[in-house]
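J.:
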Amino acid sequence: MSEDPYDSPETISPVNPLPPVVVALFLMIVGIEATLSLAARGIIGGPGGIGWRLETIQTYAFSGVIYDWMWSNGIWPTEHLIRFVSYLFIHGSFTHALMVCVMLLALGKMVGEVFSGFATLMVFVGSGVIGALAYAALLDDQAPLIGGFPGVYGLIGAFTYLLWLRLGELGAQQVRAFSLIGFLMGIQLVFGLLFGGHNDWVADGVGFIAGFAMSFVLSPGGFTRLRDKLRRD
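Using the numbering used here, you'd call the opening residue of the sequence shown number 2 and step up by one each time.
Okay, structure coming up:
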């Protein structure tokens, strides 16, 4: 019997490929950051390129001040509504973007291997939108909100949901599923106390809650599972 070529060692990838939606999000962040970093060094854009990052933040960052103005006047221009999503792809520095990308690849891979591509995208973007709303509604902060951490924390919420389900199936303590978010928020608190920090942790925390909550519906079989649970209750 001839050997199936698809089972041969030469054709078996040693690494599972990343979900396409995670790759797309990663490339968007990297592409924007690479452009802004090169411009800041004068490699592209000429002398005017040095100010590209500031201009990009002014145009695409989420602003609580602008949100308050829209809410008060009942006017919702598209150029400002886009900020609810665009801020996720704009970062303050190369290091900021690098940290987001590392966590996006790690959490995105774990979530994207279970969730559909659309569901993974919805968790990232939806958590970012809800995190921005919380940032504007709960705080009176003049600083713009930038960076993909609220979306990444949404993926942490989705991963926590998967772990929470798994622990429940094994009969283990499901509270253990929240160890990761507890550790990360603790690290943020320590760094904030030692070095000072911004209030963007509010968007991160709410992003986590949003990602966890959305997973009840967006996870495979999640809607059916939730409906059955509500019927039993």
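Think of the CB as a built atom: it goes at the ideal place given N, C-alpha and C, for glycine as much as any other residue.
Could you give the C-beta distance for Thr-96 and Val-22, rounded to a whole number, given that I count them as a contact under 8 Å?
T.: In the sequence shown, counting from the first residue as 1, residue 96 sits at position 95. In the sequence shown, counting from the first residue as 1, residue 22 sits at position 21. A Cβ-Cβ distance of about 25 Å is found for the pair Thr-96 and Val-22, leaving them out of contact under the 8 Å criterion.
J.: Under DSSP, the alpha helix (DSSP H) around Phe-125 begins and ends at which residues?
T.: On the sequence shown, position 124 is the one that residue 125 refers to. 118-139 is the extent of the alpha helix (DSSP H) around Phe-125.
J.: Can you tell me whether Thr-161 is buried or exposed? The criterion is at least 16 other CB atoms within 10 Å of its CB, across all chains shown.
T.: The count along the sequence shown starts at 1 and reaches residue 161 at position 160. Buried: at least 16 other Cβ atoms inside 10 Å.
J.: Rounding to the nearest angstrom, what Cα-Cα distance links Ala-35 and Val-203 in this structure?
T.: For the purposes of this step, residue 35 is taken as the residue at position 34 of the sequence shown. For the purposes of this step, residue 203 is taken as the residue at position 202 of the sequence shown. About 28 Å.
J.: In or out: Arg-177 buried (at least 16 other Cβ within 10 Å) or exposed?
T.: By 1-based counting over the sequence shown, the position of residue 177 is 176. Exposed.
J.: By DSSP's criteria, Leu-168 is part of a beta bridge. Which residues make up the other side?
T.: The residue given as residue 168 occupies position 167 in the sequence shown. None, per the DSSP bridge assignment.
J.: Roughly how many angstroms lie between the CA atoms of Ala-211 and Ile-51, to the nearest whole one?
T.: For the purposes of this step, residue 211 is taken as the residue at position 210 of the sequence shown. For the purposes of this step, residue 51 is taken as the residue at position 50 of the sequence shown. Distance between the alpha carbons of Ala-211 and Ile-51 is about 36 Å.
J.: Please tell me whether Met-104 and Met-215 are closer than 8 Å, where the distance is taken between their beta carbons.
T.: By 1-based counting over the sequence shown, the position of residue 104 is 103. By 1-based counting over the sequence shown, the position of residue 215 is 214. Their beta carbons are not under 8 Å apart, which means Met-104 does not touch Met-215 by this criterion.
J.: Candidates Tyr-136, Ala-159, His-199: which alpha carbon is nearest Asp-69's?
T.: Locating residue 69 in the sequence shown gives position 68, where the first residue counts as 1. Out of Tyr-136, Ala-159, His-199, Tyr-136 has the C-alpha closest to the C-alpha of Asp-69.
J.: In whole angstroms, what separates the C-alpha of Ile-76 from that of Glu-170?
T.: Taking the sequence shown and counting its residues from 1, the one referred to as residue 76 is at position 75. Taking the sequence shown and counting its residues from 1, the one referred to as residue 170 is at position 169. So the alpha carbons of these two residues sit roughly 48 Å apart.
J.: May I have the straight-line CA-CA distance separating Gly-183 from Gly-206, to the nearest angstrom?
T.: On the sequence shown, position 182 is the one that residue 183 refers to. On the sequence shown, position 205 is the one that residue 206 refers to. Roughly 10 Å between the two C-alpha positions.
J.: With distances taken Cα to Cα, identify the nearest neighbour of Phe-213 among Gly-149, Gly-132, Leu-139.
T.: By one-based count along the sequence shown, residue 213 stands at place 212. Considering only alpha carbons, the answer is Gly-132.
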